[in-house]
Structures are given as structure tokens and as C-alpha cells.
Amino acid sequence: MTVSVQTCFVLDVAPADFSSGGPNRGAVKNPDKAEHSSWFMITFIYPTEIFPTWLRAKGNVFGVAGWAVGYGAGSLLVPAKFAGIQEKTFYVFGAAMFAYIPIIYCFFPETAGRILEQIDFLFASKSPFVWEEEKKFAKRMAQFNAENPKDGY
């Protein structure tokens with residue numbers, strides 16, 4: 103079973119951030135029982151899949167560096183947020199995660215079930231929107247399979 107980027111985000115990240123607000127209020131009195139959740143692995147896997155082969159290593163570095171800058175900046179703001187709004191900080195994070203849902207739906211194409219060589223065709227569209235990329239991908243794959251019947255994907 104393959105899990106899509108969109109499914110992982112909607113079912114894991116946003117609800118986890120919202121649902122962690124209440125339990126973390128309880129953790130204020132019992133800090134030793136606090137738990138955390140994240141959507142950490144997407145930072146390392148998705149860039150590796152979407153960059154072309156010749157650029158994959160540098161692209162992965164770019165993804166991890168972007169995560170590190172964002173994580174670092176966020177980490178610097180968390181103490182100030184907790185001092186001001188306490189456990190409601192998790193609701194702010196949850197709202198941000200829900201705001202990302204349309205961004206992921208529109209701009210992050212699904213890569214599950216595709217070999218890495220097909221990803222180049224997937225990102226050949228000049229449009230940043232997933233639905234345009236999928237249309238262009240289908241056309242290019244049909245053309246490739248027609249020209250290379252033995253090597254077809």
C-alpha cells in the first residue's frame with residue numbers, strides 16, 4: 103500500500119498539532135509525561151524523489167537546509183509563544199498545518215508508484231499545478247512508450 107503526500111499530511115500532521123494542545127495543557131502540571139509528534143521524514147524523502155538524477159544530491163541538501171532554517175527559526179519563537187499563549191501555541195501550529203493543505207494539494211505531485219526516471223517527465227510541465235503536471239506526464243509517457251515499446255514504463 104502506498105501512502106500519498108497529501109494523505110500523510112491531512113491524516114497525520116494537522117490533526118496531530120491540533121490534538122496535542124489539550125494533552126499538553128495537562129503536561130504543564132506533569133512535564134515528564136509530555137509527548138511530541140512530527141511529519142519529519144517528508145523533509146528528507148520528497149526532495150530525493152523530485153529532483154532529477156543529476157541534481158538529486160544537491161536538491162536533497164536544499165530540502166534539508168530549508169527544513170533546518172525553518173526549524174531553527176521556529177525553535178527560537180516557541181519559548182516566546184509559550185510564554186505568551188501557553189498551550190494555545192499548538193493551535194497556532196495546527197492552523198498553519200491546515201493552511202498548508204491546499205498548498206500541498208495544488209503544488210506537490212504524487213510520486214508513489216513511479217520510478218525515479220519517470221519523475222523527470224512528471225516535472226516537465228511549465229505549470230506549477232499538479233493537475234497540469236499530471237496531464238503533461240501522461241502525454242510524455244504515452245509518447246515515450248510509443249517510441250520505445252521495449253523500454254516502456
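For what it's worth, the working numbering labels the leading residue of the sequence shown as 103, then goes sequentially. For each residue, glycine too, the CB sits at the ideal point set by N, CA and C.
Per DSSP, E189 is not a residue of any alpha helix (DSSP H), being assigned neither H nor E. Put simply, of P149, T150, T145, A159 the residue whose alpha carbon is nearest the alpha carbon of W169 is T145. Counted as a single uninterrupted DSSP element, the alpha helix (DSSP H) harbouring W233 occupies residues 232–249. Under a 10 Å Cβ-count criterion, P211 is classified as buried, with 16 or more other Cβ atoms of the shown protein chains found around its own Cβ. S229 and A214 have their C-alpha atoms spaced approximately 21 angstroms apart.
Annotation for E212: no alpha helix (DSSP H) segment contains it, and DSSP assigns it neither H nor E. The stretch 149–162 and the stretch 220–229 touch, with no fewer than 3 CB-CB distances between them shorter than 8 angstroms.
A159 and V166 have their C-alpha atoms some 11 angstroms from each other. Secondary structure note for T150: its alpha helix (DSSP H) is the uninterrupted segment 144–152.
Distance from the CA atom of N247 to the CA atom of K237, rounded to whole angstroms, is 16 angstroms.
One alpha carbon belongs to F164, the other to L157, and they sit about 11 angstroms apart.
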